[in-house]
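Visitor: Got a structure here, written out as structure tokens. Questions coming.
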Amino acid sequence: MQTIDYVTVGDCLRQLETLKQGRRTILVTDTNVKELYPTIFESCEHIVMESGERAKNINTYQDICRDLLDMGVDRGVLLVGVGGGVVTDMTGFVGATYMRGVSFGFVATTLLAQIDASLGGKNGVDFEGYKNIVGTFVHPEFVLCDPLFLKTLPQKELRAGYGELVKYAMLAGEDILASSDYIARCVEIKMDVVRNDFKEGGRRKLLNLGHTFAHAIEKCTDEYNHGEAVGIGLCVAAEISQKLGFLSVEECKKTIKMVEKYDLPTQIPSSIAVEELLDAVLRDKKRDKSSIDMILLRNIGAPIIHPISFELLFEAFKG
Ligand SMILES: NC(=O)c1ccc[n+]([C@@H]2O[C@H](COP(=O)([O-])OP(=O)(O)OC[C@H]3O[C@@H](n4cnc5c(N)ncnc54)[C@H](O)[C@@H]3O)[C@@H](O)[C@H]2O)c1
Ligand SMILES: [Zn+2]
449 MQTIDYVTVG
459 DCLRQLETLK
469 QGRRTILVTD
479 TNVKELYPTI
489 FESCEHIVME
499 SGERAKNINT
509 YQDICRDLLD
519 MGVDRGVLLV
529 GVGGGVVTDM
539 TGFVGATYMR
549 GVSFGFVATT
559 LLAQIDASLG
569 GKNGVDFEGY
579 KNIVGTFVHP
589 EFVLCDPLFL
599 KTLPQKELRA
609 GYGELVKYAM
619 LAGEDILASS
629 DYIARCVEIK
639 MDVVRNDFKE
649 GGRRKLLNLG
659 HTFAHAIEKC
669 TDEYNHGEAV
679 GIGLCVAAEI
689 SQKLGFLSVE
699 ECKKTIKMVE
709 KYDLPTQIPS
719 SIAVEELLDA
729 VLRDKKRDKS
739 SIDMILLRNI
749 GAPIIHPISF
759 ELLFEAFKG
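Going by our numbering, the letters in the sequence shown line up with residues 449 to 767, in that order.
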């Protein structure tokens with residue numbers, strides 16, 4: 449077992465009882481996790497939300513707050529989100545705001561939640577079609593990442609995590625899955641960045657490698673889940689880095705090979721017109737007026753934040 453800041457990775461689910469420290473504890477989960485792991489919830493008060501991104505909204509937030517009021521929950525409570533990123537984002541947001549903030553922690557049950565979503569204190573919900581547009585920056589008290597949960601995870605959900613895994617490999621310049629404790633290594637990489645830039649003033653932006661185009665692809669098609677879209681986004685970032693003279697041809701090819709190795713797509717699907725995709729990129733919330741900050745690679749393992757003008761972006765695609 450390994451502990452990195454407030455995150456424990458390994459055979460750690462049994463620690464939950466100790467972490468409660470005698471507090472009234474309410475578990476928050478979704479319908480799938482409750483059904484797959486009923487014993488976790490048997491002798492503990494809990495709230496069950498619908499599963500999936502569509503449930504990560506203000507209505508569900510209100511429902512949970514209403515349940516907490518009905519249950520007479522006061523500030524001494526410990527809320528524990530047991531689930532994937534949807535559950536941890538929601539529980540964190542409720543935890544950070546209910547009665548101006550109560551204690552909360554997470555048991556992350558998807559690969560994506562264990563290596564990314566549960567870490568770093570960003571919590572929130574989607575609103576009016578914008579992802580994570582209403583939320584808070586508050587760290588959880590603890591995160592437990594037990595690989596036990598990954599045994600029941602469908603392949604499609606594993607691939608959602610692989611996209612982030614390759615992202616970490618590109619950021620750190622290591623083939624992470626080759627190591628037996630790859631979850632802990634990803635946690636280390638993310639927490640190291642977050643520790644030095646909690647509110648995303650600078651370095652934390654590096655964690656968005658591959659995400660500018662991933663978000664745009666997700667807006668244009670339902671064909672790919674987030675991890676698959678990140679796979680394509682990483683390849684696009686590598687290709688733009690190469691076109692701008694940062695990344696060598698060999699390193700660009702290496703990036704694409706790495707994405708392929710994890711069985712993720714590497715190319716923008718032909719069903720999306722370039723104009724449509726760039727339009728989605730430019731409408732993304734991270735842009736300013738004349739350029740967007742893209743995360744590019746100077747080398748594998750050496751990411752940089754680089755403002756790229758709209759003209760350059762169009763040129764990069766015209767070839
Ligand atoms: N806060 C952050 O910093 C951050 C970072 C990255 C992603 N996110 C958010 O994370 C969310 C995506 O997370 P996700 O991919 O975990 O999605 P998710 O929570 O929707 O989980 C995916 C599916 O797997 C099911 N599931 C969960 N655990 C399971 C298990 N052990 N076995 C079988 N099925 C299981 C869920 O019920 C769901 O149907 C997005 O909303 C995204 O915005 C947040
Ligand atoms: Zn992501």
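Note that the Cβ used here is the ideal one computed from N, Cα and C, for glycine as well.
(1) From what residue to what residue does the alpha helix (DSSP H) around V722 run?
(2) Give the DSSP bridge partners of Q450, in chain order.
(3) Pull the bridge partners of K570 from the DSSP assignment, please.
(4) Answer with buried or exposed for K604, where buried requires no fewer than 16 other C-beta atoms within 10 angstroms of its C-beta.
(5) For R471, which residues of its own chain have a beta-carbon under 8 angstroms away from its beta-carbon, when the five flanking residues on both sides are left out?
(6) Which class does K504 belong to by DSSP, given the choice of helix, strand or coil?
(7) Let's test the definition: count the other Cβ atoms within 10 Å of the Cβ of P602 and tell me whether it reaches 16, buried, or not, exposed.
(8) Excluding five sequence neighbours on each side, which residues of the same chain lie with their C-beta closer than 8 angstroms to the C-beta of T456?
(9) Since V614 and V530 are thought to touch, with beta carbons under 8 angstroms apart, how far apart are those beta carbons, to the nearest angstrom?
(10) May I ask you to report which of helix, strand or coil DSSP gives Y672?
(11) Which residue's Cα is closest to the Cα of L598: T558, L516, I624 and E687?
(12) For ligand 2, is there a heavy atom less than 7 angstroms away from the beta-carbon of V678?
(13) For V642 and T584, what's the separation of their Cα atoms in angstroms?
(14) In this structure, how does DSSP classify D518 when only helix, strand and coil are distinguished?
(15) Where does the unbroken beta strand (DSSP E) through N747 begin, and where does it stop?
(16) Nearest-angstrom Cα distance between T477 and E759?
(17) Mind checking which residues open and close the beta strand (DSSP E) that includes M547?
(18) Is D564 near ligand 2, judged by its Cβ being under 7 angstroms from some heavy atom?
(19) CB of G531 to nearest heavy atom of ligand 1: below 7 angstroms?
(20) Taking 7 angstroms as the cut-off, is the CB of G693 close to at least one heavy atom of ligand 1?
(21) Measuring CA to CA, which of G543, G679 and M538 is closest to T473?
(22) Using DSSP bridges, identify the partner residues of V591.
(23) Using DSSP bridges, identify the partner residues of L475.
(24) Under a Cβ-count criterion, where at least 16 other Cβ atoms within 10 Å of its own Cβ denotes burial, should V521 be classed as buried or exposed?
(25) Measure the C-alpha to C-alpha separation of F765 and K691 and round it to an integer number of angstroms.
(26) Counting along the chain, where does the beta strand (DSSP E) carrying I756 start and finish?
(27) In chain order, what residues of the same chain have a beta carbon less than 8 angstroms from the beta carbon of S738, not counting five sequence neighbours either side?
Guide: This is what the structure holds:
(1) V722 -> alpha helix (DSSP H) spans V722 to L730.
(2) V457
(3) F585
(4) exposed
(5) G524, V525, L526 and S551
(6) Looking at K504 - three-state DSSP - the assignment turns out to be coil, as it is neither helix nor strand.
(7) exposed
(8) M449, Q450, Q463, F590, V591, L592 and C593
(9) Between V530 and V614 the Cβ distance is about 27 angstroms, and since that is not below 8 angstroms, they are no contact.
(10) coil
(11) For the residues T558, L516, I624 and E687, the minimum Cα distance to L598 belongs to T558.
(12) Taken from the Cβ of V678, at least one heavy atom of ligand 2 lies inside 7 angstroms.
(13) Near 15 angstroms, if we compare the C-alpha coordinates of T584 and V642.
(14) helix
(15) Its beta strand (DSSP E) spans residues S739 to N747.
(16) 46 angstroms
(17) Looking at the DSSP string, M547 is not in any beta strand (DSSP E), and its letter there is neither H nor E.
(18) Yes.
(19) yes
(20) Checking the Cβ of G693 against ligand 1 gives no.
(21) G543
(22) Paired residue(s): V455 and F554.
(23) H494 and V528
(24) buried
(25) Their Cα atoms are separated by approximately 10 angstroms.
(26) A750 to S757
(27) Counting only Cβ-Cβ distances below 8 angstroms, and skipping sequence neighbours, we find S757 and F758.
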